[in-house]
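Trainee: First residue of the sequence shown? That's 1 in our numbering, and the numbers climb one at a time after it.
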Amino acid sequence: MKKLFFLVVVFALFSFNSNAQKFAYVDTDYILENMSEYRDAQEILDKLSLEWQKEIETKFSEIDKMYKNFQAEAVLLPEDIKKKRQDEIITKEREAKDLQKKRFGKDGDLFKKRQELIKPIQDKVYDAIESIANSSGYAFIFDKSSSTTMLYTNTKFDRSDDVLEKLGYKPGAIKTNDDKDAKDDE
1 MKKLFFLVVV FALFSFNSNA QKFAYVDTDY ILENMSEYRD AQEILDKLSL EWQKEIETKF
61 SEIDKMYKNF QAEAVLLPED IKKKRQDEII TKEREAKDLQ KKRFGKDGDL FKKRQELIKP
121 IQDKVYDAIE SIANSSGYAF IFDKSSSTTM LYTNTKFDRS DDVLEKLGYK PGAIKTNDDK
181 DAKDDE
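Listed below in structure tokens is the structure:
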């Protein structure tokens with residue numbers, strides 16, 4: 001809602017001078033999907049995520065097995081051994097949760113790896129967008145794939161293919177859902 005309000009304010013402020021302002025939009029999802037280096041980085045992240053998820057699931061599976069064994073034997077165990085086994089289970093569970101947080105938490109390994117692999121690619125895309133905006137005199141370039149609501153877009157103002165060309169990629173190698181929908185409408 002705040003973004004929509006912001007857009008309305010921006011358009012209102014510049015409406016008196018709208019003839020001098022040039023607007024365009026890009027679809028960064030489309031751009032990134034058409035970049036092989038992004039797809040490669042995403043594949044690495046997916047493999048790491050799967051590997052780490054299996055590691056965590058294995059740990060929780062071991063904990064579950066320990067707990068079931070404990071429940072089966074608890075009646076026969078002396079109190080001191082019961083306490084020791086309960087502590088072992090609690091410790092293992094804490095370790096597994098800590099590992100889960102370390103791998104997938106807010107500033108976890110996956111987040112850091114994503115920053116390492118994806119951020120440089122995104123920076124290249126934004127530099128290309130900025131270059132196109134400056135060279136073509138655009139006052140605003142919106143991102144169609146972001147949370148900014150775009151109620152209508154005319155494809156003649158789409159500069160996504162220009163960005164891909166600027167980055168050295170062939171536009172349209174991967175079709176988006178919008179391309180498929182437009183073809184269905186014909």
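Just so it is clear, CB atoms sit at the ideal spot from N, CA and C, and this is done for glycine as well.
Measure the alpha-carbon distance for GLN21 versus ASN134 and round it to whole angstroms.
Mentor: Counted from its first residue, the sequence shown places residue 21 at position 21. Counted from its first residue, the sequence shown places residue 134 at position 134. One C-alpha to the other measures close to 12 angstroms.
Trainee: Can you tell me the Cβ-Cβ gap for ASN69 and TYR169, rounded? I've got them flagged as a contact below 8 angstroms.
Mentor: For the purposes of this step, residue 69 is taken as residue 69 along the sequence shown, with counting starting at 1. For the purposes of this step, residue 169 is taken as residue 169 along the sequence shown, with counting starting at 1. Incorrect: roughly 56 angstroms between the Cβ atoms, too far for contact.
Trainee: In the structure shown, what three-state DSSP assignment does TYR169 receive?
Mentor: Walking along the sequence shown from the start, residue 169 turns up at place 169. Correct three-state label for TYR169: coil.
Trainee: Can the beta-carbon of VAL125 be found less than 8 angstroms from the beta-carbon of LEU32?
Mentor: Translated into the one-based positions of the sequence shown, residue 125 becomes position 125. Translated into the one-based positions of the sequence shown, residue 32 becomes position 32. It is a contact, given that the beta carbons lie within the stated cut-off.
Trainee: Assign SER136 to one of two classes, buried (16 or more other C-beta atoms within 10 Å of its C-beta) or exposed (fewer than that).
Mentor: Indexing the sequence shown from 1 puts residue 136 at position 136. Label assigned to SER136: exposed.
Trainee: Could you tell me the distance, in whole angstroms, from the CA atom of ARG39 to the CA atom of ARG159?
Mentor: Stepping through the sequence shown from its first residue, residue 39 is reached at position 39. Stepping through the sequence shown from its first residue, residue 159 is reached at position 159. So the two alpha carbons sit approximately 21 angstroms from each other.
Trainee: List the residues that DSSP assigns as beta-bridge partners of PHE140.
Mentor: Taking the sequence shown and counting its residues from 1, the one referred to as residue 140 is at position 140. For PHE140, which the question treats as bridged, DSSP gives the partners PHE23.
Trainee: Within 10 angstroms of the Cβ of LEU151, are there 16 or more other Cβ atoms? Answer buried if so, exposed if not.
Mentor: To locate residue 151, count along the sequence shown from 1; it is residue 151. Per-residue confidence for LEU151 stands at a pLDDT of 49, beneath the threshold of 50, marking its modelled position as unreliable; the derived number appears in the next sentence. The residue is exposed, with fewer than 16 neighbouring Cβ atoms inside 10 Å.
Trainee: Going by DSSP, which residues form a beta bridge with ASP158?
Mentor: Translated into positions along the sequence shown, residue 158 becomes position 158. DSSP output for ASP158 lists TYR25 as bridge partner(s).
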